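Residue numbers (the working numbering): 22 to 342. The beta carbon of each residue, even a glycine, is placed where N, CA and C say it ideally should be. Here the structure is a predicted model, which is why all the values come from computation and not from measurement. These notes concern the structure reproduced below.
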């Protein structure tokens, strides 16, 4: 079967198409024939070496795949045979025609949802649901969503707008700003502009931001601190598109009575995993809208990674074996 093997850490070209043997399920595992493989931004960081790869190299790459279960191991419910599912791997093995996954990592796709839409929405939808649940966004609050046109940002925008919050999004460029508005943002600022924090202050007037969803990291939060509601303002930091986590001190938070929740690590990933089924259900009910930028052949995995790193994708990029 065809698969994409990561030969070493580095640039996208370390993802190489190869023919390998078909996998077989062990006890408690399933094999699915992949129909849609989402390319996820954290995968680009793992491939580049920012985070450790969870297996000796070379190894088949990939975190997630959607398709139809074709084989099961001992102890697995036979009802899964033939089911359409999204499977999450242990960080490797998903960029392939046939994918092995633990049975307890698969989520059955609702009948109302296509395999492609399920693959596109599960990861960003799961993260966004976990974030909004943690933030406890309520009607009437003002929410700032950085990078509101990304996969997670788009889902956050949809969920917070539906909750009755005033949503201010940030996006880089006019096309992404339009996408953020289409997803429900009431106002959008260009975070590539050097004075975007001043423009936010102008939008707010005498009001403040109750919740900030920080996906840019680095120094992006520093000019915002005095625009966040004192004593009850919440910052949830879940990404660092600028290359480093948010650069804040405890003093920055204490003097303003703000809370910062770091959304990373094993416990956080457990929260996200707990929202996998809810994300698919929300999409099936029309509460979350999957946005697919491109569907590429599996062999174009390196190209897909370049698209994400160069921020050229306006939605999820899918690979099709």
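Check: So, residue 120 versus residue 114, is the Cβ gap smaller than 9 angstroms?
Finding: yes
Worksheet item: Looking only at its own chain, which residues have a Cβ that is under 6 angstroms from the Cβ of residue 233, when we skip the five neighbours before and after it?
Response: 165 and 256
Exercise for the section: Flag residue 338 as yes if its beta-carbon sits less than 9 angstroms from any beta-carbon of chain D, otherwise no. Expected result: Looking for chain D here will not work: only one protein chain is present.
Can you tell which of 248, 254 and 217 has its C-alpha closest to the C-alpha of residue 168?
217
inquiry  = Taking 7 angstroms as the limit between beta carbons, can you name the residues of its chain near residue 326, skipping five residues before and five after?
reply    = 33, 36, 60, 65 and 68
inquiry  = In the DSSP assignment, the beta strand (DSSP E) including residue 88 goes from what residue to what residue?
reply    = 85-93
Self-check item: Where the alpha helix (DSSP H) through residue 298 begins and ends
Solution: 297-305
In whole angstroms, what separates the C-alpha of residue 128 from that of residue 220?
-> 42 angstroms
When you compare the CB positions of residue 237 and residue 223, do they come within less than 9 angstroms of one another, or not? no
Quiz item: Where are the alpha helix (DSSP H) runs, 4 residues long or more, that stay fully inside the segment 174-258, in chain order?
Solution: 195-203 and 217-225
For this session: Spatial neighbours of residue 348 within its chain, please: CB distance less than 6 angstroms, with the 5 preceding and 5 following residues excluded, ordered by chain position.
Result: Residue 348 is absent from the structure shown; the chain starts at 22 and stops at 342.
Would you mind giving the Cβ-Cβ distance between residue 87 and residue 56, rounded to the nearest angstrom? I have them listed as a contact below 8 angstroms. 6 angstroms
> DSSP on residue 333, reduced to helix/strand/coil?
Replying inline: coil
Assuming residue 317 and residue 340 are in contact, meaning their beta carbons sit under 8 angstroms apart, how far apart are those beta carbons, in whole angstroms? 6 angstroms
Worksheet item: Going by other Cβ atoms of all chains shown within 10 Å of its Cβ, with 16 needed for buried, is residue 160 buried or exposed?
Response: exposed
Following the continuous alpha helix (DSSP H) through residue 65, name the residue where it begins and the one where it ends.
62-69
#### Entry: Straight-line gap, residue 321 to residue 227 (C-alpha atoms, nearest Å)
50 angstroms
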